[in-house]
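Asker:
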Amino acid sequence: MKKKSPSPEAIAAWARLVRVSRQLVERTEDALKASGLPSLAWYDVLHELAEAGEGGLRPFELIDRILLAQYSVSRLLARLEMDGLIEKLPVSDDGRGQTVRITASGREMRRRIWAVYGASIADQMGDRLSAQDLKTLASLLGRLRDPTISD
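If you count by full-length UniProt numbering, then the sequence shown holds residues 1 to 151, one letter each, in order.
(1) Which class does GLY126 belong to by DSSP, given the choice of helix, strand or coil?
(2) Can the beta-carbon of ALA50 be found closer than 7 Å to that of LEU76?
(3) Should the stretch 54–61 be called in touch with the stretch 88–108, which here means at least 3 C-beta pairs below 8 Å?
(4) Identify the continuous alpha helix (DSSP H) that holds LEU62 and give its terminal residues.
(5) Assign GLY36 to buried or exposed, taking buried as 16 or more other Cβ atoms, counted over all protein chains shown, within 10 Å of its Cβ.
(6) Drop a sphere of 10 angstroms on the beta-carbon of ARG145, count the other beta-carbons inside from all chains shown, and report buried for 16 or more, exposed for fewer.
(7) What span of residues does the beta strand (DSSP E) with LEU89 cover, start to end?
(8) What span of residues does the alpha helix (DSSP H) with SER145 cover, start to end?
(9) Ignore the nearest five residues each way along the sequence and tell me which others in GLY142's own chain have a CB closer than 7 Å to its CB.
(10) Per DSSP, ARG19 forms a beta bridge with which residues?
(11) Among the residues of its own chain, which have a CB less than 7 Å from the CB of ALA12, if the five just before and after it don't count?
(12) For a test of the three-state rule: what should DSSP assign to THR136, helix, strand or coil?
(13) For LEU67, which residues from the same chain have a beta carbon less than 6 Å from its beta carbon, with the 5 sequence-adjacent residues on both sides left out?
(14) Quick check on GLY118: does DSSP put it in helix, strand or coil?
(15) Using only CA atoms, which one of LEU129, ASP133 and VAL116 lies nearest to GLU29?
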């Protein structure tokens, strides 16, 4: 069976998508660092825990939901717990299981990070593309997404 080769257009689009994605994240990380705030990984975890509500999430559920790289999540959770931004609670029917829940301090940190993160999204996306361009981009990227992974 012969393997398919990508078209020059597919190669160019792939390269641009990967480069631009990396640049957008790097610029946002730089803005957070300049503001003395932690990385996007912290926001990602805090956001998902806040969205989960008082019930929190099991670590494996959290890993399925986060946007950024999933390696070293256990170390990140340990750091967030040490800083009082999350709490780990035992699961009553699972002797080894834990539920992770955001604290009031975690909600405040999420709010502080979002002030910079949201401005970065506006600067890098909203100020450069029209609303229609953004809808088109989201639609095109949606066609590339793995249908087994929820947004």
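In this text, a Cβ means the ideal position worked out from N, Cα and C, and glycines have one as well.
Answerer: Judging by the given coordinates:
(1) Helix, per DSSP.
(2) Cβ atoms of ALA50 and LEU76: not closer than 7 Å.
(3) Segments in contact, yes.
(4) Membership of LEU62 in the alpha helix (DSSP H) is indicated by the continuous run 59–65.
(5) By the Cβ neighbour-count rule, GLY36 is exposed, with fewer than 16 other Cβ atoms within 10 Å of its own.
(6) Only exposed fits ARG145, as fewer than 16 other CB atoms lie within 10 angstroms of its CB.
(7) Its beta strand (DSSP E) spans residues 86–91.
(8) Residue identity check: residue 145 is Arg in the sequence provided, not Ser. Here ARG145 belongs to no alpha helix (DSSP H), and DSSP marks it neither H nor E.
(9) Around GLY142: no qualifying Cβ.
(10) DSSP, once it has assigned bridges, lists no residue as partnering ARG19.
(11) Excluding residues within five positions, none has a Cβ falling inside 7 Å.
(12) Helix at THR136.
(13) Annotation for LEU67: ASP44 place their beta carbon closer than 6 Å to its own, counting only its chain and skipping 5 residues before and after.
(14) Shown here, GLY118 sits in a helix according to DSSP, grouped into three states.
(15) Minimum Cα distance to GLU29 is reached at VAL116.
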